[in-house]
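So the structure is just underneath, and the comments pick up after that.
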Amino acid sequence: MAPFRAFCYNKSRFPDPNVVLTPPYDVISPEQQQAYHEQSQFNIIQVDYGLDFPGRDKYAAAAQKLDEWVADGVLIQDEKPAIYVTEHEFSDMQGRKRLRRGFIALLKVEPFSSGVALPHEKTFKKHKKDRLDLLRATGAQMNPVFTFFSDPDGKAADILAAAATGAPDSDFDFVDGARNRMWRLTDPDGIRALQKILKKQPVFIADGHHRYETMLNFRKETKKNLGGKLPKDHPARWGLVYFCTAEDPGLEVTSPHRVLKNLPGFDPQKMLEKLDKFFSIQKTAGNCALEDTDNPDAPHGFAMQIGQELYCMTLRKGVLNKAMPEIPRALRELHVTVCSELIIRPLIGDSGKILDHVSYIVDPAEAAAAVQSGACQAAVFLPPFNMKHLMDAVETGQVLPHKSTYFYPKLVTGLAIYRYSV
49 MAPFRAFCYN KSRFPDPNVV LTPPYDVISP EQQQAYHEQS QFNIIQVDYG
99 LDFPGRDKYA AAAQKLDEWV ADGVLIQDEK PAIYVTEHEF SDMQGRKRLR
149 RGFIALLKVE PFSSGVALPH EKTFKKHKKD RLDLLRATGA QMNPVFTFFS
199 DPDGKAADIL AAAATGAPDS DFDFVDGARN RMWRLTDPDG IRALQKILKK
249 QPVFIADGHH RYETMLNFRK ETKKNLGGKL PKDHPARWGL VYFCTAEDPG
299 LEVTSPHRVL KNLPGFDPQK MLEKLDKFFS IQKTAGNCAL EDTDNPDAPH
349 GFAMQIGQEL YCMTLRKGVL NKAMPEIPRA LRELHVTVCS ELIIRPLIGD
399 SGKILDHVSY IVDPAEAAAA VQSGACQAAV FLPPFNMKHL MDAVETGQVL
449 PHKSTYFYPK LVTGLAIYRY SV
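The opening position of the sequence shown corresponds to residue 49 in this note's numbering, with each subsequent residue numbered one higher.
Given below as structure tokens:
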């Protein structure tokens with residue numbers, strides 16, 4: 049981990065950060081993308097998620113705009129290297145007030161085999177190509193990869209708490225409802241202490257797998273272009289990363305619910321019959337109690353919406369090991385794996401085009417409405433994710449199914465920008 053001199057928006061010109069900052073590109077709808085573009089000619093979306101126009105190279109346009117913003121003082125580079133301590137104050141999905149504290153800094157980009165950064169999800173080639181094209185053109189990263197690391201004795205948390213005192217350098221309520229605060233930590237002792245903690249262990253990638261793999265691909269490509277040798281101080285060796293402790297009470301994670309569409313030969317009764325060999329299924333007029341506990345003997349429970357009907361589904365005893373013997377235990381015990389292998393796969397087959405049949409929606413009410421309106425055929429509701437289960441699986445080298453986790457609040461794009469060249 050290393051501090052860096054970030055490019056930040058000029059506060060004197062943009063006193064309201066909401067005018068120029070956005071959520072990550074991959075949670076922005078086409079309608080929101082258009083709205084952000086219309087909001088301000090200096091909104092970070094103009095660079096990070098440009099619109100497609102006939103005959104226009106959006107990546108070259110993004111690079112030109114970024115250069116202009118730096119030249120015109122829209123973006124200003126900090127004078128001193130720093131790590132950027134942040135706080136997100138928000139309400140979770142149960143309406144409880146939460147506070148998550150972390151920091152933005154650089155992480156040395158190494159292959160997953162090195163153990164420096166551990167992934168937990170599969171990625172899509174289409175998204176990686178888009179991010180690589182943008183990185184090639186701009187030489188900049190606008191949104192950090194979201195990671196967490198183990199801090200059982202609370203030493204890192206204490207350093208961050210001490211840094212998050214006094215008046216913050218930035219303080220605003222973001223469009224997602226979360227209050228965002230940021231402090232610059234330039235104290236060498238504090239930075240070295242955090243570096244020492246992180247040097248002894250890996251970081252777990254929570255969100256931003258496509259961006260991390262893009263950084264890896266860019267580093268590899270840059271090395272090749274330089275004749276196979278990448279200087280030790282080359283900026284492509286580093287990537288923009290947000291770090292949070294795994295023990296932070298504000299680290300909120302859930303599993304997106306699966307909404308099914310275009311199911312071949314869709315027949316509700318036959319669908320239930322296919323799943324009956326794995327699950328005990330009961331129609332209900334109420335809700336299904338879904339939870340993920342540390343008890344390995346607790347049954348896996350799901351809920352499924354088909355039309356106007358809701359069904360509670362409990363995995364039958366002994367099915368887990370019999371149905372998925374080839375999948376490592378740490379992985380097959382996860383709800384997302386059970387859902388992928390024993391619900392999604394039987395219903396859509398071994399289709400390589402999973403996005404043609406499955407959408408991922410975090411809000412259960414939105415997922416249910418998509419089915420009830422007839423826009424989709426069914427929805428599978430998953431329980432909350434257990435952090436211990438996630439870390440256990442990742443530490444054994446397992447990669448989870450697509451869209452297994454959803455960490456929130458999302459990180460703000462454009463708060464602290466890492467630019468490879470000035």
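Just so it is clear, CB atoms sit at the ideal spot from N, CA and C, and this is done for glycine as well.
Reference residue i; option with closest CA among the options
i, options, result
"E321", "Y359, Y260, D206", "Y359"
"I131", "H258, P51, L379", "P51"
"L379", "E443, K331, W117, T171", "E443"
"S466", "Y73, F196, G287, E116", "One detail in the question is off: residue 466 reads as Tyr in this sequence, not Ser. Residue G287 is the option with its Cα nearest to Y466."
"A241", "M141, G187, L208", "L208"
"M439", "G225, Q89, F196, S328", "F196"
"M263", "P192, F433, V67", "P192"
"V68", "G225, M190, D315", "M190"
"V367", "S328, P216, S77", "S328"
"N228", "F138, M372, A83", "F138"
"L183", "K247, V157, V307, A108", "A108"
"F326", "L395, E374, V118", "L395"
"N434", "H168, T302, N310", "T302"
"W117", "A188, A284, A423", "A188"
"K268", "V157, Y408, A119", "V157"
"A153", "Y84, A54, T186", "A54"
"L382", "E357, I354, L448, G397", "L448"
"E357", "A417, C387, S407", "A417"
"V410", "K106, K458, K365", "K458"
"A413", "V307, T234, Q330, Y456", "V307"
"G422", "P376, R377, G355, R232", "G355"
"R61", "P297, S77, F90", "F90"
"K247", "A204, M352, D178, D126", "A204"
"T234", "D74, K128, V384", "K128"
"Y260", "A333, I124, V122, K177", "K177"
Bounding residues of the beta strand (DSSP E) (the contiguous stretch that carries residue i)
i, result
"Q353", "349-354"
"M439", "Looking at the DSSP string, M439 is not in any beta strand (DSSP E); the run it does join, the alpha helix (DSSP H), is 435-443."
"A146", "Position check: residue 146 holds Arg in this sequence, whereas Ala was assumed. Start and end: 145-156."
"Q94", "Here Q94 belongs to no beta strand (DSSP E); instead the alpha helix (DSSP H) covers 93-96."
"Y73", "First-last for Y73: undefined, no H or E at that position."
"R232", "227-233"
"L123", "123-125"
"V133", "131-139"
"V406", "406-409"
"D120", "Counting along the chain, D120 falls outside any beta strand (DSSP E), and DSSP gives it neither H nor E."
"F455", "454-456"
"D219", "218-221"
Buried or exposed (CB count within 10 angstroms, at least 16 for buried), residue i
i, result
"V223", "exposed"
"L463", "buried"
"P65", "buried"
"M319", "buried"
"K436", "exposed"
"E135", "buried"
"M361", "buried"
"L390", "buried"
"E300", "buried"
"L274", "exposed"
"Q425", "buried"
"N310", "exposed"
"A427", "buried"
"D345", "With a pLDDT of only 48 at D345, under 50, the local geometry of the prediction cannot be trusted, and the value read off the model is given with reservation. D345 should be labelled exposed."
"M141", "exposed"
"E374", "exposed"
"L403", "exposed"
"Q317", "exposed"
"Y456", "buried"
"T213", "exposed"
"V236", "Strictly speaking, residue 236 in this sequence is Pro, with Val absent from that position. When all chains shown are included, P236 counts as exposed."
"R148", "buried"
For residue i, the residue or residues it bridges with in DSSP
i, result
"F429", "A351"
"Y107", "Y107 pairs with nothing; no bridge assigned."
"M361", "I329, F350"
"R467", "A188"
"F55", "Q125, I465"
"A215", "Answer by DSSP bridge pairing: none, since A215 is not bridged."
Extent of the continuous alpha helix (DSSP H) to which residue i belongs
i, result
"I396", "393-396"
"Y84", "78-87"
"P387", "Looking at the sequence provided, one finds Cys at residue 387 rather than Pro. C387 -> alpha helix (DSSP H) spans 383-387."
"A371", "367-371"
"Q420", "412-420"
"A50", "Where A50 is concerned, there is no enclosing alpha helix (DSSP H), given that its DSSP letter is neither H nor E."
"L390", "Careful: L390 lies outside any alpha helix (DSSP H) and carries neither H nor E."
"A423", "Here A423 belongs to no alpha helix (DSSP H), and DSSP marks it neither H nor E."
**Study point:** Sequence ranges, beta strand (DSSP E) only - wholly within the region 286-335, length at least 3
**Key:** Within the region 286-335, the runs of beta strand (DSSP E) at least 3 residues long that lie entirely inside it are, in chain order, 286-293, 300-302, 305-308, 327-332.
**Study point:** 3 or more residues per run - each beta strand (DSSP E) lying fully within the region 244-294
**Key:** 251-255, 286-293
Practice item. For the region 152-210, list the beta strand (DSSP E) runs that are entirely contained and at least 3 residues long, ordered along the chain. Key: 193-197
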